[in-house]
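Everything on this sheet refers to the single structure shown next.
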Amino acid sequence: MENETKTKNKFWKGVLIGVLITLFAGLILVGGAAGLLLVGRTMMDSQTRETAENSTNSGESVGAALDYRRIQKKMMLLKRIVDQYFLFDSDTAAIEDGIYKGMMSALDDPYTVYYTPEEYQELTEETEGTYYGIGALVSQDINSGIVTILRVFPDSPAEESGLQKGDILYQVNGLEAAEQDLDLLVSQEIRGAEGTTVKLVILRDGEEIEVSVTRRQVEVATVDHEMLDDGKTGYVMVSQFDVITAGQFEEAINDLETQGMTQLVIDLRDNPGGVLDTAVAMAAYILPEDQMDGTILSTANRDGKGVRYYCKGGKICFESSDGSGSDSRYPQEDGHEVDLPMVILVNGNSASASELFSGALKDYGVAKLVGTKTFGKGIVQSLVPLDDGSAVKITTAHYYTPSGFDLHEKGLEPDVEVEYELPEDLEAAVADPLAYDNQIAAALEVLAGE
């Protein structure tokens with residue numbers, strides 16, 4: 006019994022130290038990350054990574070704002086209460102993870118999350134557009150937690166199971182979807198081994214519908230394109246900004262140019278964002294570099310320091326405001342621009358990287374926005390790996406469009422506001438959706454006036 010007590014005391018002491026170190030390692034790194042991301046990519050320079058690892062290994066405190074003695078005393082009291090009164094067996098690993106998650110949750114930022122080693126490994130598995138899942142694009146309302154299907158991909162398990170755009174995911178394998186972190190919900194519950202089944206409860210028109218979907222390999226084409234019937238308008242739809250999207254986007258633009266495209270509509274409606282580097286590369290592929298100072302995107306942390314992505318000399322370049330950071334992937338070759346009348350379609354589900362891309366093209370005056378106001382997510386998350394295999398995704402900076410506009414919680418206002426209208430002839434619209442889309446019609450009217 007004495008050895009067992011010593012073991013428990015050692016555990017709880019370790020938990021306390023781990024909590025404090027994890028907190029301060031995350032806070033001190035806010036100003037140190039050189040490559041900042043919007044959604045779901047790991048970007049840290051070697052100096053920042055070393056700082057994180059040394060912080061978690063050394064046990065040193067940073068900016069002593071917490072009363073360690075008081076916290077340790079209370080933790081030990083809680084430990085005695087659990088040991089003496091808790092009815093069931095306790096999982097010490099789960100308790101420790103819960104403390105870390107609770108600390109990040111206490112920052113009251115829905116985008117800041119602690120990931121266990123297992124969760125982090127699942128999140129960082131490179132899919133490159135191919136994965137085993139159901140073939141649906143989902144988004145989560147940051148205030149209510151409600152998860153909504155934005156797009157069902159053709160010939161996917163989701164389509165074959167009858168899932169539809171606008172369905173609300175109420176439960177996934179018995180879990181309340183609104184109470185889960187969306188990244189983990191997708192990686193741990195919706196995706197899975199080929200041939201296995203995910204059980205969903207969806208809400209549609211106030212009715213609960215139970216659906217079982219069998220997972221299989223899904224190859225997601227994040228970019229679709231075609232020449233419209235007028236023979237001059239190229240149409241490019243981008244569903245998300247994945248690691249493969251920039252290449253698909255360039256191929257689409259090139260193909261339309263060879264077909265004689267003289268004007269362009271880019272559809273970013275219901276595009277929730279994705280990888281920052283992809284949006285930068287796509288904007289650079291469109292934009293000329295001889296306007297303003299070539300800036301595509303800039304960021305600033307709480308100390309006013311940040312980074313800038315810009316075009317110069319036919320290359321996409323990267324710089325930090327204080328010269329302390331670098332990114333080995335830059336400069337990258339570019340040297341391409343699209344000098345055509347252009348419209349970008351947006352709506353309230355166009356967020357993050359979608360807004361970055363749209364804001365850049367709007368600021369340079371190369372495209373007009375048509376549709377409704379965008380979501381308004383203009384903050385950057387950095388994914389900070391820790392030496393034990395866990396990680397913290399933490400909000401580190403605002404990002405700004407080339408003109409310096411901070412769109413966070415504001416969104417981008419369209420140049421021409423047009424609400425989407427459901428076509429009266431639904432059967433015809435299903436057969437030829439673009440021809441019956443009133444927002445596309447509005448985009449063509451804007452282009453006609455150019």
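Residue numbering for the sequence shown follows the working numbering, beginning at 6 and increasing consecutively. We put the beta carbon where it would ideally sit given N, CA and C, even for glycine.
The segment 143–159 makes contact with the segment 173–185; the number of CB pairs closer than 8 angstroms reaches 3 or more. Counted as a single uninterrupted DSSP element, the stretch harbouring lysine 78 is not any beta strand (DSSP E) but the alpha helix (DSSP H) occupying residues 73–90. Across the structure, phenylalanine 246 and alanine 98 are spaced so that their CA atoms are roughly 35 angstroms apart.
Using a Cβ distance threshold of 8 angstroms, glutamine 337 and lysine 320 count as a contacting pair. A buried status is given to glutamine 253, since no fewer than 16 other beta-carbon atoms sit within 10 Å of its beta-carbon. DSSP places methionine 232 outside any alpha helix (DSSP H); the residue lies instead in the beta strand (DSSP E), whose first and last residues are 228–232. Proline 122: member of the alpha helix (DSSP H) spanning 122–128, first to last residue. Going by C-alpha positions, threonine 379 is about 13 angstroms away from aspartate 411.
Counting of Cβ neighbours within 10 angstroms places asparagine 443 among the exposed residues, the total staying below 16. Between serine 303 and the set Ile291, Pro293, Cys322, Gly318, the nearest pair of CA atoms involves Cys322. Within the DSSP bridge table, the entry for valine 177 names Leu180, Leu205 as partners. For glutamate 213 and glutamine 176, the gap between their C-alpha atoms comes out near 10 angstroms. Beta-carbon to beta-carbon, leucine 374 and serine 363 are separated by about 6 angstroms, close enough to satisfy the 8 angstroms threshold. Collapsing the DSSP output to three states places leucine 431 in a helix. Three or more Cβ pairs closer than 8 angstroms define a contact, and the segment 426–437 falls short of that threshold against the segment 160–171. Around the Cβ of alanine 111, a 10 Å sphere holds fewer than 16 other Cβ atoms; the residue is exposed. A contact is defined here as three or more CB-CB pairs under 8 angstroms, and the segment 386–404 fails this definition with respect to the segment 421–428.
Setting aside the 5 residues that flank it on each side, valine 312 is surrounded in the same chain by Thr304, Ser325, each with a C-beta closer than 6 angstroms to its C-beta; the list follows chain order. Bridge pairing for glycine 279: Phe246 [DSSP]. If you check the CB distance, leucine 350 and alanine 448 come in under 8 angstroms.
For the 8 angstroms CB-CB criterion, aspartate 339 and tyrosine 290 form a contact. In the DSSP assignment, methionine 109 forms no beta bridge with any residue.
Excluding the 5 residues flanking it on each side, glycine 197 has same chain C-beta neighbours closer than 6 angstroms at Arg220, in chain order.
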